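A.B. asks: Mind having a look at this structure? Questions to follow.
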Amino acid sequence: MKKLFDSCRMDDPQIGEEMYSWAQELFPLNRSLTGDGNRKTLQFIQKIVPALRIWSVKSGTRCCDWTVPEEWNVEEAYLIGPSGARVIDFHENNLHLLGYSEPIDKSLDLTELQDHLYSLEHQPNAIPYVTSYYKRRWGFCLSHNQRKKLKKGLYRAVIKSRKERGVLNYGEIIIPGKTKKEIFLSTYICHPSMANDQITGIVVLTALARWINKCKKHNHTFRIIWIPETIGAIVYLSKNLKQLKRNVVAGWQLACLGDSGNFSYLPSREGNTQADLISLISLKESVKKYKTWSFLKRGSDERQWCYPGVDLPVCSVMRSKYNTYKEYHTSLDNLKYIKAAAIQESYRIYKNMIGVADENIAYKTTTIGEPQLGRHNLYPTLQKKEMASSVEEILNILSFCDGNNSAVSIANKTKTPIHKCINTLKKLRAARVIE
Amino acid sequence: MKKLFDSCRMDDPQIGEEMYSWAQELFPLNRSLTGDGNRKTLQFIQKIVPALRIWSVKSGTRCCDWTVPEEWNVEEAYLIGPSGARVIDFHENNLHLLGYSEPIDKSLDLTELQDHLYSLEHQPNAIPYVTSYYKRRWGFCLSHNQRKKLKKGLYRAVIKSRKERGVLNYGEIIIPGKTKKEIFLSTYICHPSMANDQITGIVVLTALARWINKCKKHNHTFRIIWIPETIGAIVYLSKNLKQLKRNVVAGWQLACLGDSGNFSYLPSREGNTQADLISLISLKESVKKYKTWSFLKRGSDERQWCYPGVDLPVCSVMRSKYNTYKEYHTSLDNLKYIKAAAIQESYRIYKNMIGVADENIAYKTTTIGEPQLGRHNLYPTLQKKEMASSVEEILNILSFCDGNNSAVSIANKTKTPIHKCINTLKKLRAARVIE
Amino acid sequence: MKKLFDSCRMDDPQIGEEMYSWAQELFPLNRSLTGDGNRKTLQFIQKIVPALRIWSVKSGTRCCDWTVPEEWNVEEAYLIGPSGARVIDFHENNLHLLGYSEPIDKSLDLTELQDHLYSLEHQPNAIPYVTSYYKRRWGFCLSHNQRKKLKKGLYRAVIKSRKERGVLNYGEIIIPGKTKKEIFLSTYICHPSMANDQITGIVVLTALARWINKCKKHNHTFRIIWIPETIGAIVYLSKNLKQLKRNVVAGWQLACLGDSGNFSYLPSREGNTQADLISLISLKESVKKYKTWSFLKRGSDERQWCYPGVDLPVCSVMRSKYNTYKEYHTSLDNLKYIKAAAIQESYRIYKNMIGVADENIAYKTTTIGEPQLGRHNLYPTLQKKEMASSVEEILNILSFCDGNNSAVSIANKTKTPIHKCINTLKKLRAARVIE
């Protein structure tokens with residue numbers, strides 16, 4: 000039961016393996032905008048963080064420009080070839096089925112079938128991830144190599160799916176802090192069996208929620224959500240916009256946290272929020288190299304959090320960004336593509352950013368001119384030729400406690416490592432020379 | 000009867016030749032601050048744009064720190080040499096006469112005459128353009144080569160000019176739009192026979208006025224004026240300052256639009272008005288190369304439009320800037336120095352800037368989070384691996400519709416060509432997802 | 000009895016030698032936070048500038064986080080070696096005594112004595128300057144070479160010092176100007192016999208005060224103080240904060256003005272005050288080369304003047320900055336280390352900055368559009384091909400008289416030397432075209 004900031008840099012050498020084991024269990028589930036796969040995913044998270052609340056929103060609910068779609072579930076789906084054998088089976092890989100496919104049971108020859116097949120000519124071994132949420136379609140996805148081997152003849156396409164009035168689910172956990180001001184963390188749960196671009200966001204956010212929930216003391220309230228992308232975010236905003244706008248001081252959209260690529264930073268619209276400042280100082284101090292993307296290249300729910308009128312202070316820190324690695328949105332983004340050590344490192348970075356965010360307060364000096372640091376045991380009693388650099392650092396930190404600079408901007412302006420800066424600020428506050 | 004924005008990029012391959020033919024008619028007139036040459040110039044414009052109103056302001060009228068000068072007209076002016084032949088004749092080239100010369104009929108020998116002669120030692124073939132508006136003088140201008148050939152002996156200087164109470168004239172056309180907000184265009188009419196630094200501004204602005212007046216739909220009101228430099232601008236400001244300050248959202252001072260030099264951009268005082276942004280994006284997208292001048296190098300009526308307390312959002316786009324080409328303010332700035340193709344290109348750039356200015360509005364999103372673009376036929380129904388770049392572009396444009404960014408700054412921030420950006424904004428507005 | 004601005008660039012070739020002679024008299028005095036040496040220093044200044052007021056603040060006075068210390072005076076202090084001879088004597092060099100030493104008369108052997116000796120291993124010929132203001136200690140400072148020669152045996156340490164309720168003194172002179180707005184100048188008087196890092200600040204500020212006091216006309220009120228560092232500044236702030244915050248428009252902390260190093264500029268916290276702008280333009284125009292330091296490297300009373308909540312527009316212009324030259328805070332910072340010519344040059348720079356500061360007012364144009372400069376004899380009556388650069392300069396200066404730009408920022412924006420700019424502004428004001 001540590002304080003959050005104090006524990007944010009503690010190592011947990013097993014956590015990578017633990018998160019990887021969660022990934023193995025979550026990977027096979029058939030997630031989509033709605034359906035059993037999503038509920039099972041949320042229930043799995045709930046086992047780890049019991050405080051998680053699973054919300055349901057009915058199909059047909061209007062949310063601004065959108066309508067919550069019908070719930071989609073799949074019993075089985077397969078394609079029987081001219082020889083009578085199953086040539087494609089949803090149970091082998093749920094990417095084989097076009098997302099939100101209509102039910103069908105139909106015999107048709109190969110030429111006719113081609114209109115319902117999706118493959119990637121330039122990645123002939125990969126099954127692509129394709130969906131048709133808002134237009135009625137049915138179809139199968141397969142590797143281009145497999146497609147080329149399909150023989151002429153009569154096929155039978157069987158999709159036992161149901162689209163019916165049901166619910167859209169999402170998970171939310173709110174962990175109260177000293178203030179109502181919130182730190183906001185979000186990831187998506189709408190992708191079927193893909194590892195980096197789905198599972199890693201879920202498992203890292205789950206581990207973070209467990210850690211935050213166990214910490215005894217933190218300043219901010221934490222709001223952590225697992226939602227279907229886009230429609231889930233729209234639903235969430237339509238229910239919580241006022242409170243989010245009033246309270247959120249910093250937030251992150253989690254995605255793509257498990258491959259071996261360098262870290263990436265994707266800024267908020269203007270790139271000047273507290274979340275941006277914290278991300279940049281943390282990456283600068285924690286990793287050798289990271290890539291900064293343009294906001295124009297965003298693609299996950301930052302699209303919603305940073306939309307005009309919403310304007311939450313949210314940015315994103317990832318490893319290889321979605322849409323920039325070739326395995327993205329194919330069957331090659333699988334459990335082999337991600338590494339326990341890489342997920343662990345992402346977890347470490349996020350813990351660090353969250354710890355800093357929780358202490359990223361603006362302080363103000365209380366004295367007219369410098370305080371007598373000696374009285375507070377912060378100044379040497381003997382003045383020699385050179386001012387100790389530790390004293391210089393304290394005086395510099397004090398000199399930016401003008402009520403406008405947060406801890407991160409004080410660290411930036413005084414060139415002090417952020418944890419050292421926060422620790423000094425805590426000491427100065429204890430000595431009552433800042434408030 | 001096209002809409003203004005839609006027609007602003009239409010080609011009019013004959014317009015260069017047409018403007019050049021106007022230039023041939025306007026070139027010989029003896030323009031100055033006042034007089035018949037100015038009235039004839041304005042009447043010529045009125046033939047092309049009948050809506051033009053010609054204003055008269057009486058000599059002696061006080062305008063702030065200034066007084067409208069007496070009207071100046073010249074019947075004839077010549078210098079008879081020792082041989083009895085005319086060695087200089089105003090009717091050959093009106094630059095031969097010092098601007099605003101007093102009348103004189105006097106015999107004097109060459110030495111005495113020299114005080115009344117103006118030539119350029121370093122441009123020995125050019126007759127310089129010299130004026131003395133506010134101090135009584137008489138004089139002749141001539142090429143330095145001609146001056147050197149003047150023989151000793153008795154000369155007779157004859158200037159039949161009149162300076163008397165009359166009027167200062169200027170032309171104005173106001174074309175109402177949907178809003179009272181104005182786009183302001185201005186050029187000067189006070190130079191005698193010079194082509195680039197006089198005639199090109201007049202003919203391009205005349206062609207623009209005719210085009211705008213013919214367009215059926217435009218958002219802004221257009222205010223277009225042809226005035227004598229400095230005193231004309233001061234007169235105009237003293238009559239219209241309040242309205243100009245209230246309504247003008249962007250404006251341009253037209254000058255030097257006909258030589259073969261690269262385009263030049265001369266910013267407003269702070270360089271941050273809508274006119275500056277529009278000029279820069281238009282030049283960037285329309286021409287290979289252009290030169291940016293310092294505001295400190297301004298020299299035409301931007302001096303007045305950008306004066307402290309006036310502060311209109313006006314800048315200038317030219318070809319070779321006044322005072323930077325050697326033919327400037329001499330008889331070498333003649334009809335040979337300008338080209339129909341160059342005037343046409345200037346006209347094209349200004350049409351483009353005006354079209355953009357007329358659509359340069361700030362938009363605001365109307366939905367909480369992104370709209371469902373699919374419902375508006377702006378999003379593919381099938382989601383594959385890569386988001387179509389057209390969709391990315393639409394989402395990026397939407398994400399800057401925060402009510403603060405005008406179309407040009409949205410185009411800059413999303414790196415979209417300005418016409419494409421405006422067309423997308425119009426579509427989004429039609430779909431009611433922005434307002 | 001010249002006007003301040005007019006005399007600020009006048010040469011006074013004797014002033015360097017005069018200030019150096021003052022330095023010779025002031026150097027030997029034993030200054031500290033309090034005591035006779037400080038009073039004698041202030042009385043010396045008073046002889047030169049009789050308007051100086053010497054203030055006394057009682058020991059024990061509480062000032063925010065601080066308490067004014069007891070007054071410290073030294074009668075004599077010496078160390079007698081095993082041979083019976085004085086090996087260290089305060090009267091030879093007051094740096095030999097640890098600042099604020101307790102009285103003592105004690106025999107002790109060399110080993111025990113070592114705890115009370117201070118020397119610098121890496122500067123074996125220098126006596127270091129060491130103090131212990133707020134913790135009771137006694138000690139001697141000596142060169143490392145001397146220390147190594149100390150023989151084993153019994154020593155007698157005699158320090159006849161008194162620490163008792165008394166006063167802390169500082170000097171202040173206020174020279175009223177046309178407005179209550181103030182220019183603030185400060186230096187410290189708490190160092191014993193060191194030349195560059197003590198005496199030069201005192202003598203340059205004394206000469207400046209004499210000059211300002213003799214000038215007949217200046218716009219601003221001048222507030223000039225000589226105070227013990229840190230505690231003196233805290234005392235001064237606690238008595239004058241409101242008035243300082245209300246009135247000070249620019250100020251400088253004077254220090255280290257006598258060595259042969261290049262000039263240094265140490266900015267205010269944000270580096271954007273009028274004092275910063277004036278320092279930069281003056282240095283740029285007056286010296287070939289100068290070094291800009293980070294605010295993080297400040298060390299004198301800028302620490303107090305720029306403290307959050309105090310926020311005076313104060314920066315510092317020095318020659319070699321304190322803490323950057325090896326003689327700093329040792330006996331090597333003596334009268335040989337400083338040069339009359341160097342002090343004179345510093346005086347010249349400060350006079351120039353003060354003259355500019357006194358005229359650094361924002362002006363506003365009074366006319367609608369440009370005034371008719373010809374009427375005010377500021378424009379040629381004959382307009383030829385090129386606008387005279389003097390006219391261009393006047394028009395450029397006018398075009399930034401928008402009520403927001405001070406003289407210095409007008410000079411910066413129009414690229415005009417600052418004195419020329421101020422003189423032009425004065426002419427334009429006399430012509431009533433700006434106010």
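Heads up: the sequence lines are chains L, F and P, in that order. Take the first sequence: its position 267, counting from 1, is numbered 266 in our numbering, and each next residue is one higher. Take the second sequence: its position 286, counting from 1, is numbered 285 in our numbering, and each next residue is one higher. Take the third sequence: its position 12, counting from 1, is numbered 11 in our numbering, and each next residue is one higher. Each residue gets a CB set at the ideal place from its N, CA and C atoms; glycine is no exception. Just so we're clear, the structure is a prediction, and the values are computed from it rather than from any experiment.
1) Please classify glycine 83 of chain F as buried or exposed, where buried requires at least 16 other C-beta atoms within 10 Å of its C-beta.
2) Quick test of the definition: if touching needs 3 or more C-beta pairs under 8 Å, does the segment 18-37 of chain P touch the segment 142-155 of chain P?
3) So, is the C-beta of proline 370 of chain L closer than 8 Å to a C-beta in chain P?
4) Apart from the five residues just before and just after proline 312 of chain P, which ones in its own chain have a Cβ nearer than 7 Å to its Cβ?
5) Less than 8 Å between CB atoms is the rule here; does tryptophan 65 of chain L satisfy it with respect to chain F?
6) Which residues bound the alpha helix (DSSP H) around tyrosine 19 of chain F?
7) Could you work out which residues of chain P lie near isoleucine 233 of chain F, taking near to mean beta carbons separated by less than 9 Å?
8) Considering just the uninterrupted stretch of the beta strand (DSSP E) at serine 55 of chain F, what are its terminal residues?
9) Which residue spans inside the segment 43-130 of chain L form an unbroken alpha helix (DSSP H) run of at least 4?
10) May I have the straight-line CA-CA distance separating glycine 354 of chain P from aspartate 5 of chain P, to the nearest angstrom?
11) Which whole-angstrom value is the C-beta distance of serine 192 of chain F and asparagine 92 of chain F, which I expect to be below 8 Å?
12) Given that valine 432 of chain L touches chain P, what residues does it touch there, using C-beta distances under 8 Å?
13) Output, in chain order, the set of chain P residues within a Cβ distance shorter than 8 Å of cysteine 305 of chain F.
14) Could you check whether leucine 256 of chain L and leucine 184 of chain L sit closer than 8 Å to each other, using their CB atoms as the reference points?
15) My understanding is that leucine 276 of chain L touches serine 160 of chain L, with C-beta atoms under 8 Å, so please give their C-beta distance in whole angstroms.
16) As an exercise, report each continuous beta strand (DSSP E) stretch of at least 3 residues that is fully enclosed by the segment 270-351 of chain P, in chain order.
17) Could you check what DSSP says for tyrosine 362 of chain P in three-state terms: helix, strand or coil?
18) Apart from the five residues just before and just after serine 299 of chain L, which ones in its own chain have a Cβ nearer than 6 Å to its Cβ?
19) Verify the CB distance criterion: does threonine 423 of chain P have a CB-CB separation below 8 Å to chain F?
20) By DSSP, does serine 185 of chain F sit in helix, in strand, or in coil?
21) Cβ atoms of isoleucine 53 of chain L and asparagine 168 of chain L: under 8 Å apart, would you say?
22) Spell out the partners DSSP gives arginine 161 of chain L in its beta bridges.
23) Which residues of chain P have a Cβ atom closer than 9 Å to the Cβ of valine 129 of chain F, listed in chain order?
24) Verify the CB distance criterion: does lysine 134 of chain P have a CB-CB separation below 8 Å to chain L?
25) Straight-line CA distance for proline 123 of chain P to lysine 283 of chain P?
26) Is the Cβ of aspartate 401 of chain P closer than 8 Å to any Cβ of chain F?
27) Check the Cβ of threonine 329 of chain L against every Cβ in chain P and list those closer than 7 Å, keeping chain order.
28) Can you name the start and end residues of the beta strand (DSSP E) that threonine 178 of chain P belongs to?
29) Tell me which same chain residues have a C-beta within less than 7 Å of the C-beta of glutamate 228 of chain L, skipping the five on either side of it?
30) Using Cβ-Cβ distances below 9 Å, what residues of the segment 340-369 of chain L are close to chain P?
31) Inspect the beta-carbon positions of tyrosine 132 of chain L and proline 68 of chain L and report whether they are closer than 8 Å.
32) Between valine 48 of chain F and arginine 222 of chain F, how many whole angstroms is the CB-CB distance? I'm expecting something under 8 Å.
33) Does the distance from the C-beta atom of threonine 130 of chain F to that of proline 175 of chain F stay below 8 Å?
34) I'd like to check one pair, valine 309 of chain L with isoleucine 367 of chain F: are the Cβ atoms closer than 8 Å?
35) Give me the residue from L:Leu107, L:Asn322 and L:Arg302 with the minimum Cα distance to isoleucine 233 of chain L.
36) Indicate whether tryptophan 292 of chain L and lysine 320 of chain L have their beta-carbon atoms separated by less than 8 Å.
C.D. replies: By the coordinates alone:
1) Here the question's residue 83 of chain F lines up with position 84 in the second sequence. Glycine 83 of chain F counts as exposed, since fewer than 16 other beta carbons sit within 10 angstroms of its beta carbon.
2) Note that the segment 18-37 of chain P does not touch the segment 142-155 of chain P; fewer than 3 beta-carbon pairs, one per stretch, sit closer than 8 Å.
3) On the first sequence, position 371 is the one that residue 370 of chain L refers to. Residue contact check for proline 370 of chain L against chain P: a CB pair falls below 8 Å.
4) For this step, residue 312 of chain P is matched to residue 313 along the third sequence. Taken in chain order, the residues that qualify are Val247, Val248, Ala249, Gly250, Ser267, Thr272, Gln273 and Ala274.
5) Taking the first sequence and counting its residues from 1, the one referred to as residue 65 of chain L is at position 66. Closer than 8 Å to the CB of tryptophan 65 of chain L there is at least one CB belonging to chain F.
6) As a first step, residue 19 of chain F is located in the second sequence; it is residue number 20 there, counting from the start. Unbroken alpha helix (DSSP H) run through tyrosine 19 of chain F: 14-25.
7) Here residue 233 of chain F refers to the residue found at position 234 of the second sequence. Thr366, Ile367, Gly368, Glu369 and Gln371, listed in chain order.
8) In the second sequence, counting from the first residue as 1, residue 55 of chain F sits at position 56. For serine 55 of chain F, the enclosing beta strand (DSSP E) stretches over residues 52-57.
9) You should have 109-113.
10) As a first step, residue 354 of chain P must be located in the third sequence, where it is residue number 355. As a first step, residue 5 of chain P must be located in the third sequence, where it is residue number 6. Rounded to whole angstroms, the gap between the alpha carbons of glycine 354 of chain P and aspartate 5 of chain P is 8 Å.
11) Sequence index remark: in the second sequence, residue 192 of chain F carries index 193 (1-based). Sequence index remark: in the second sequence, residue 92 of chain F carries index 93 (1-based). Taking a contact as a CB-CB distance under 8 Å, the pair serine 192 of chain F and asparagine 92 of chain F counts as one, their CB atoms being some 6 Å apart.
12) Stepping through the first sequence from its first residue, residue 432 of chain L is reached at position 433. Going along chain P in sequence order, the residues near valine 432 of chain L (Cβ under 8 Å) are Asp64.
13) Residue numbering aside, residue 305 of chain F sits at position 306 when the second sequence is read from its first letter. What cysteine 305 of chain F touches in chain P: Ser398.
14) If you number the first sequence from 1, residue 184 of chain L lands on position 185. If you number the first sequence from 1, residue 256 of chain L lands on position 257. The answer is no: Cβ separation not under 8 Å.
15) Numbered from 1 along the first sequence, position 277 holds the residue referred to as residue 276 of chain L. Numbered from 1 along the first sequence, position 161 holds the residue referred to as residue 160 of chain L. Between serine 160 of chain L and leucine 276 of chain L the Cβ distance is about 46 Å, and since that is not below 8 Å, they are no contact.
16) Qualifying beta strand (DSSP E) stretches, in chain order: 289-291 and 313-317.
17) The sequence position of residue 362 of chain P within the third sequence is 363, counting from 1. Three-state DSSP puts tyrosine 362 of chain P in a strand.
18) Taking the first sequence and counting its residues from 1, the one referred to as residue 299 of chain L is at position 300. Same-chain partners within the cutoff: Gln252 and Ala254.
19) Here residue 423 of chain P is taken as the residue at index 424 of the third sequence, counted from 1. Not an interface residue.
20) As a first step, residue 185 of chain F is located in the second sequence; it is residue number 186 there, counting from the start. Strand.
21) In the first sequence, the residue the question calls residue 168 of chain L occupies position 169. In the first sequence, the residue the question calls residue 53 of chain L occupies position 54. Their beta carbons are under 8 Å apart, which means asparagine 168 of chain L touches isoleucine 53 of chain L by this criterion.
22) Sequence index remark: in the first sequence, residue 161 of chain L carries index 162 (1-based). Per the DSSP secondary-structure output, arginine 161 of chain L pairs in a beta bridge with L:Asn72.
23) Here residue 129 of chain F refers to the residue found at position 130 of the second sequence. Neighbourhood of valine 129 of chain F in chain P, by CB distance below 9 Å: Leu381, Gln382, Lys383 and Lys384, in chain order.
24) The sequence position of residue 134 of chain P within the third sequence is 135, counting from 1. Judged by the 8 Å Cβ criterion, lysine 134 of chain P is in contact with chain L.
25) If you number the third sequence from 1, residue 123 of chain P lands on position 124. If you number the third sequence from 1, residue 283 of chain P lands on position 284. Whole-angstrom Cα-Cα distance: 39 Å.
26) Counting from 1 along the third sequence, the entry for residue 401 of chain P is found at position 402. Chain F, which has a Cβ nearer than 8 Å to the Cβ of aspartate 401 of chain P, makes this yes.
27) In the first sequence, residue 329 of chain L corresponds to position 330, counting from 1. Simply none; closest approach about 51 Å.
28) Within the third sequence, numbered from 1, the residue matching residue 178 of chain P stands at position 179. No beta strand (DSSP E) holds threonine 178 of chain P; DSSP gives it neither H nor E.
29) Position 229 of the first sequence, counted from the first residue, corresponds to residue 228 of chain L. So the qualifying residues of the chain are Tyr187, Cys189, Ser299 and Asp300.
30) Answer set for the segment 340-369 of chain L: Lys363, Thr364, Thr365, Thr366, Ile367, Gly368 and Glu369.
31) Here residue 132 of chain L corresponds to residue number 133 of the first sequence, with the count starting at 1. Here residue 68 of chain L corresponds to residue number 69 of the first sequence, with the count starting at 1. Cβ atoms of tyrosine 132 of chain L and proline 68 of chain L: closer than 8 Å.
32) Within the second sequence, the letter at position 49 stands for residue 48 of chain F. Within the second sequence, the letter at position 223 stands for residue 222 of chain F. For valine 48 of chain F against arginine 222 of chain F, the beta-carbon gap comes to about 13 Å, at or over 8 Å, which does not count as contact.
33) On the second sequence, position 131 is the one that residue 130 of chain F refers to. On the second sequence, position 176 is the one that residue 175 of chain F refers to. Not closer than 8 Å, so no.
34) The sequence position of residue 367 of chain F within the second sequence is 368, counting from 1. The sequence position of residue 309 of chain L within the first sequence is 310, counting from 1. A contact, by the Cβ cut-off of 8 Å.
35) Numbered from 1 along the first sequence, position 234 holds the residue referred to as residue 233 of chain L. Just measuring C-alpha positions, the residue of L:Leu107, L:Asn322 and L:Arg302 sitting nearest isoleucine 233 of chain L is L:Arg302.
36) As a first step, residue 292 of chain L must be located in the first sequence, where it is residue number 293. As a first step, residue 320 of chain L must be located in the first sequence, where it is residue number 321. At a Cβ-Cβ threshold of 8 Å, tryptophan 292 of chain L and lysine 320 of chain L count as neighbours.
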